[in-house]
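Step one of this worksheet: look at the structure below.
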Amino acid sequence: MSAGEKAKAKTEQAQGKAQEALGRATGDDRMEAQGQATKGKGDAREAKEKTKDAFKH
């Protein structure tokens with residue numbers, strides 16, 4: 045997995061978790077949903093990179 049893409053995936057996951065927690069704490073359903081979406085985007089990016097690595101070796 046390229047270092048840049050890995051870092052981007054981890055950043056998206058962390059931002060999503062934080063946004064989701066903030067939304068849950070404040071009762072803001074929209075912010076919570078946006079956090080889940082951002083976290084999911086990071087998870088998908090990480091899965092894509094892992095799949096690419098699996099076929100390299």
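Under our numbering, residues 45 to 101 are what the sequence shown spells out, in order. Just so it is clear, CB atoms sit at the ideal spot from N, CA and C, and this is done for glycine as well.
Length of the line joining the Cα atoms of residue i and residue j
| i | j | result |
| --- | --- | --- |
| Lys61 | Phe99 | 30 Å |
| Leu66 | Ala88 | 22 Å |
Own chain partners of residue i with C-beta closer than 7 Å, once the 5 adjacent residues on each side are dropped
| i | result |
| --- | --- |
| Thr82 | Glu56, Gln59, Gly60, Gln63 |
Spatial neighbours of residue i in its chain, beta-carbon cut-off 6 Å, leaving aside the 5 residues before and after
| i | result |
| --- | --- |
| Glu90 | Ala53 |
| Arg74 | none |
| Glu76 | Glu64, Gly67, Arg68 |
heavy atom of the ligand SAM below 7 Å from residue i C-beta
| i | result |
| --- | --- |
| Arg74 | Among the components of this structure there are no ligands whatsoever, and the ligand SAM is therefore not found. |
Exposure of residue i, with buried meaning 16 or more beta-carbon neighbours within 10 Å
| i | result |
| --- | --- |
| Gly84 | exposed |
| Gly86 | buried |
| Gly79 | buried |
Residues of its chain near residue i, where Cβ-Cβ distance is below 8 Å and the 5 sequence neighbours each way are ignored
| i | result |
| --- | --- |
| Glu93 | Met45, Ser46, Glu49, Lys50, Ala53 |
Beta carbon proximity, residue i to chain D, threshold 8 Å
| i | result |
| --- | --- |
| Gly84 | Absent here is chain D; the protein component of the structure consists of one chain. |
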